[in-house]
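Q: The numbering of the sequence shown is our numbering, which starts it at 8 and goes up by one.
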Amino acid sequence: MSQMIFINLPVADLERSMAFYEAIGFTNDTKFTNHLAACMVLSDDIRLMLLTHEFWSSFTDRRRVDPASEAQVLLCISRVNREAVDAITDAAVAAGGTADPCPVQDYGFMYGRSFADPDGHIWEPMWMSAEAVEKGPMEMSDAG
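(1) Can you list, in chain order, the residues of its chain whose CB lies under 7 Å from that of E29, leaving out five sequence neighbours each side?
(2) A75: which of L55, A44, V140, T105 sits nearest, CA to CA?
(3) Along the chain, which unbroken stretches of the beta strand (DSSP E) at least 3 residues long are found entirely within the region 62 to 125?
(4) Taking 8 Å as the threshold (beta carbon to beta carbon), is Y118 in contact with chain C?
(5) If I follow the unbroken beta strand (DSSP E) through M56, where does it start and stop?
(6) If we ignore side chains and look at the alpha-carbon of each, how far apart do A91 and M133 end up?
(7) Output needed for A123: all residues of its chain with C-beta closer than 7 Å, excluding positions within five of it in sequence on either side, in chain order.
(8) Which residue marks the beginning of the alpha helix (DSSP H) containing F27, and which one marks its end?
(9) Which residue from K38, N88, N15 puts its Cα closest to that of T59?
(10) Could you say if the region 8 to 26 and the region 47 to 55 meet the contact criterion of at least three C-beta pairs nearer than 8 Å?
(11) E131 bridges to which residues according to DSSP?
(12) What is the DSSP secondary structure of F39, counted as helix, strand or coil?
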């Protein structure tokens with residue numbers, strides 16, 4: 008049985024964040040969206056919950072960090088090829104995000120970039136060759 012993951016992110020402006028994520032390929036699940044939160048669907052198994060700062064605070068007593076200046080997580084998502092990595096990064100920039108807050112990674116068998124959403128949350132789209140997935144990247148790098 009597959010399991011779902013729900014990523015919860017605090018956002019300063021819910022409408023702006025919804026528009027950003029729609030622009031890079033997420034879809035809104037209106038059944039789980041209101042003025043406090045929006046459910047954005049990346050795939051059948053991955054959902055992004057955008058939560059207003061006020062609503063976020065109702066889930067935890069811990070201090071919310073400012074993702075524009077501090078990082079707590081890096082969210083890595085796979086893409087089908089190198090071009091798709093560049094495409095989602097370019098779409099993020101066009102929608103108001105920032106390209107490559109982390110170094111570009113190009114190891115031949117694996118390629119990754121990054122972008123920050125308007126709040127500063129960092130996403131890392133990446134592609135890995137089918138051969139590397141089967142062999143494992145460490146075997147690929149040891150092969151010379």
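Glycine included, each C-beta is placed from N, C-alpha and C at the ideal position.
A: A quick look at the data gives this:
(1) N35
(2) T105
(3) 81 to 85, 117 to 119
(4) This model lacks chain C altogether, as it is built from one protein chain only.
(5) 53 to 59
(6) 9 Å
(7) G104, T105, P108, I129
(8) 21 to 30
(9) N15
(10) yes
(11) C83
(12) helix
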